[in-house]
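Student: Structure in structure tokens, see below.
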Amino acid sequence: MAKYQNEEFYSIVRPIIENKEFQKMRDVSHHGITRYDHSIRVAYFAYIVLKTLHLDYKEATEAAMLHDFFTDEVCDLNKIAKLRRHPNHAVTNAKKYFELSEKQEDIIKTHMFPITFTPPKYLESWIVDVVDDVAAIYEKGYTLKNEMQAATTFMFILLINIIKFR
Ligand SMILES: [Fe+2]
Ligand SMILES: [Fe+2]
């Protein structure tokens, strides 16, 4: 389990990792790995960035763990519709097993911005969005679609400007 060798990180995410429903994501393939491994990767790198910036890192790391938390298919829609629908689906599912704060809901709901249209309300949400994009690029490699690369570049520029003018 301790892939990233960081005690504090695992103490934050342990209750989520130990949840039986979350464990089922070990069997769900996502970006060529499992959705379980993807979620831990996003949560871990979000944790590092959030803590470095002295943000609300515990709450946001939990939300990052849950950003893609579902084991069923969102719906039988096309790929772009799935990309747009799954954040709300993850929130609904996460609320069945965990209590979410308003900020945590925002982090999960807006992690696909700008593919979904409502922008994040919190800096923590922007960071999880960008970390998820970078993780997707890393995991998908050459198969990554152009629109995803464009969205990630856009998000990077936006985030740098938000931090700069904060
Ligand atoms: Fe997602
Ligand atoms: Fe994701």
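In this note's numbering, the protein residues as written are 5 to 170. By construction, the Cβ of each residue, glycine as well, lies at the ideal position given by its N, Cα and C atoms.
1) Report buried or exposed for GLN9, applying the criterion of at least 16 other Cβ atoms within 10 angstroms of its Cβ.
2) When the Cα atoms are used, what is the spatial distance from LEU81 to ASN97?
3) Under the criterion of a Cβ to heavy atom distance below 6 Å, does ASP72 qualify as lining ligand 2?
4) Cβ-heavy atom distance between ASP136 and ligand 2 below 6 Å?
5) Please say whether ALA64 and LEU57 have beta carbons closer to each other than 7 Å?
6) Could you say which of TYR101, PHE102, VAL135 and ILE161 lies nearest to THR114 if we only look at CA atoms?
7) Looking at the strands, I want to know which residues DSSP matches up with SER33.
8) Please name the residue in HIS93, SER43 and ILE112 whose C-alpha comes closest to that of ILE21.
9) From the DSSP output, in three-state form, read off PHE160 for me.
10) Looking at ARG39 and ASP76, is the spacing between their C-beta atoms short of 7 Å?
11) Taking the Cβ atom as the reference point for each residue, do ILE119 and ALA67 lie within a distance shorter than 7 Å?
12) Can you tell me the Cα-Cα spacing of ASP133 and ALA155, whole angstroms?
13) Among LEU104, ALA85, GLY36 and LYS24, which has the Cα closest to the Cα of GLY145?
14) Determine the closest residue to GLU103 out of VAL138, TYR126, SER33 and LEU70, with distance taken between C-alpha atoms.
Tutor: So, from the data block:
1) Counting the other CB atoms within 10 Å of its CB gives GLN9 a total below 16, which places it among the exposed residues.
2) 19 Å
3) yes
4) yes
5) no
6) VAL135
7) THR38
8) SER43
9) DSSP places PHE160 in helix when its eight states are reduced to three.
10) no
11) In this structure, ALA67 does not lie closer than 7 Å to ILE119 by Cβ.
12) Spanning the two alpha carbons is a distance of roughly 10 Å.
13) GLY36
14) LEU70
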